[in-house]
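The sequence shown begins at 1260 in my numbering and counts up one residue at a time.
Note that CB positions come from ideal geometry on N, CA and C, so glycine has one too.
Structure record follows, encoded as structure tokens.
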Amino acid sequence: MEVLTRFVLGHKRLVLGVWLAVTIAAFAALQPANDALSQQFNVPGREGFETNQELGEIYGAGGDISPLVPVVTLPQGTTVDSPGVRQQLGAALAKVEAALPEARAASYASTGDRAFVSEDGRTTFALVYISAKGGTVPGQAEARLAQGALADVTVGGSAVDVTGLDALRASAGDGEEGGTGVLIGTLLAAVGALLVLIFVFRSFTAFVPLLMALVAIPTTFLLIWPIANITDVSVIVQFLVALIGLGIAIDYALLVVVRWREEREQPGATNETAVRNAMRHAGSAVVF
């Protein structure tokens, strides 16, 4: 550790330049690294996972995929038994099936079953089972396609909406770029940590742990990127790196900073001596 400390103190500009270059490259690699992560969430050997896989292979849909639910509430005085309504409903669902060729749909229009109709006959829904393709957000792309197919469609004069778990998730995620949730979560955590650090240190030293996190988190993604191109790395890693990385970077930086402050308070201690002593003790604890 003393050798490393002497080298860093003797080549400050070189070390700063190298880490600055690495950090810039790391920020540039954030999006490619995120794109290289696997969107699949597989747990082979588990009963639930194997059952869902078998359902998908047999029926082409179902398993752990929730159905899309097109629904329409007809105007007052109009029911599903009104002339032309059932035909219009069938035509609307045909648009969904055209947009999702692998889907299977069941509705009042296709079955005549009153289970798809409310007691007053004005509201009816359909169940559209999509192909089970896996991933961490299955069904959201299909939900958007179904919503697009029914955007200008009316049944009995009323618009047809698409709901269901995946449709709601898709609507909630519209307008967000990939990784936005991770970024917001990390920023909120960083702001909270900064407030605590300012309260504790009451000086610009409070920014040092966050500076470490600013370098450490993107650099970790830079290291993950080539690995993710060789083998499957779950997308969940981005949450682990961002949030756990933030905590570890702050924790380890605090160990060194606090020890450095203690060394600075020693009589006759220079800044360089304090750095050397802090790295000899706290630095060794961080590395090993």
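Residue 1406 versus 1331, 1508 and 1378, residue with shortest Cα-Cα distance: 1331
Beta strand (DSSP E) segments (min. 3 residues) lying fully within the region 1322 to 1380: 1328 to 1332 and 1363 to 1366
Where does the unbroken beta strand (DSSP E) through residue 1501 begin, and where does it stop? Counting along the chain, residue 1501 falls outside any beta strand (DSSP E), and DSSP gives it neither H nor E.
From the DSSP output, which residues share a beta bridge with residue 1386? 1365
Hey, would you say residue 1416 sits closer than 8 Å to residue 1334, going by beta carbons? yes
So residue 1297 and residue 1491 are in contact, right, with Cβ under 8 Å, and what is the actual spacing, rounded? 4 Å
Put residue 1413 into one of helix, strand or coil per three-state DSSP. strand
Residue 1430, DSSP secondary structure in three states: helix
When the Cα atoms are used, what is the spatial distance from residue 1402 to residue 1413? 18 Å
Report back the beta-carbon spacing between residue 1338 and residue 1380 to the nearest angstrom; my notes put them in contact at under 8 Å. 3 Å
Could you tell me whether the Cβ atoms of residue 1545 and residue 1516 are closer together than 8 Å? no
Between the alpha carbons of residue 1537 and residue 1511, how many angstroms are there, rounded? 12 Å
What does the alpha-carbon distance come out to for the pair residue 1468 and residue 1450? 12 Å
Would you say the region 1276 to 1285 touches the region 1457 to 1471, given that touching needs at least three Cβ pairs under 8 Å? no
Span separating the alpha-carbon of residue 1434 from that of residue 1341: Bear in mind that a pLDDT of 49 at residue 1434, under 50, signals an unreliable position, so the number given afterwards is only what the model happens to contain. So the two alpha carbons sit approximately 39 Å from each other.
What number of angstroms, rounded off, separates the C-alpha of residue 1502 from the C-alpha of residue 1445? 6 Å
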